[in-house]
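Asker: Structure in structure tokens, see below.
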Amino acid sequence: MKKTLFALLLAALSLAAFAQSIPTDMTEGEVRKIDRDAKKITLKHGPIKNLDMPGMTMVFQVRDTALIDKLTVGDKILFSVEQQQGALVVTGAEKRVGK
Ligand SMILES: [Cu+2]
63 MKKTLFALLL
73 AALSLAAFAQ
83 SIPTDMTEGE
93 VRKIDRDAKK
103 ITLKHGPIKN
113 LDMPGMTMVF
123 QVRDTALIDK
133 LTVGDKILFS
143 VEQQQGALVV
153 TGAEKRVGK
């Protein structure tokens, strides 16, 4: 019984740590298409809180191509996006591990 409680506590703690590791301004996405020449990336994305946008698949611009060089179609990522001069620009992206 004690062991079960301990295991549950550990699971809760690691879940909490995982939740904290996702910054609130990051959005979940999946890479659908990469157009390096046009500096564009197509993402299937979850709700984007800072832009008040629901989940959908759409094209984003990228200013820094180093950001897309490390990505492959099919990658599950966490990304940040900003509105810059009327364009939606991906400003950061990292591969998601796990789910
Ligand atoms: Cu969208």
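Mapping to the numbering used here: the sequence shown position 96 is 158, numbers consecutive. The beta carbon of each residue, even a glycine, is placed where N, CA and C say it ideally should be. This structure is a prediction, so every number in the text was calculated from the model and none was measured.
Put T153 into one of helix, strand or coil per three-state DSSP.
Answerer: Strand.
Asker: List the DSSP bridge partners of M115.
Answerer: Its beta-bridge partners are I110.
Asker: Drop a sphere of 10 angstroms on the beta-carbon of L67, count the other beta-carbons inside from all chains shown, and report buried for 16 or more, exposed for fewer.
Answerer: L67 should be labelled exposed.
Asker: Got a sec: does ligand 1 put a non-hydrogen atom nearer than 7 Å to the Cβ of M88?
Answerer: The answer is no for M88.
Asker: Since D97 is in the beta strand (DSSP E), which residue starts that stretch and which ends it?
Answerer: Counting along the chain, the beta strand (DSSP E) containing D97 begins and ends at T89 to D97.
Asker: How would you label L113, buried or exposed, when you count the other beta carbons within 10 angstroms and need 16 or more for buried?
Answerer: With fewer than 16 Cβ atoms within 10 Å of its Cβ, L113 is classed as exposed.
Asker: Can K157 and D137 be called in contact, C-beta distance under 8 Å?
Answerer: In contact: K157 and D137 (Cβ atoms closer than 8 Å).
Asker: Leaving out the 5 sequence neighbours to the left and right, which residues in its chain are closer than 8 Å to L133 when beta-carbon positions are compared?
Answerer: These residues qualify, in order along the chain: V93, I96, I103, I139, A155 and K157.
Asker: Check each candidate in R98, V124 and G91 and name the one with the smallest Cα separation from A149.
Answerer: Nearest of R98, V124 and G91 to A149, Cα basis: V124.
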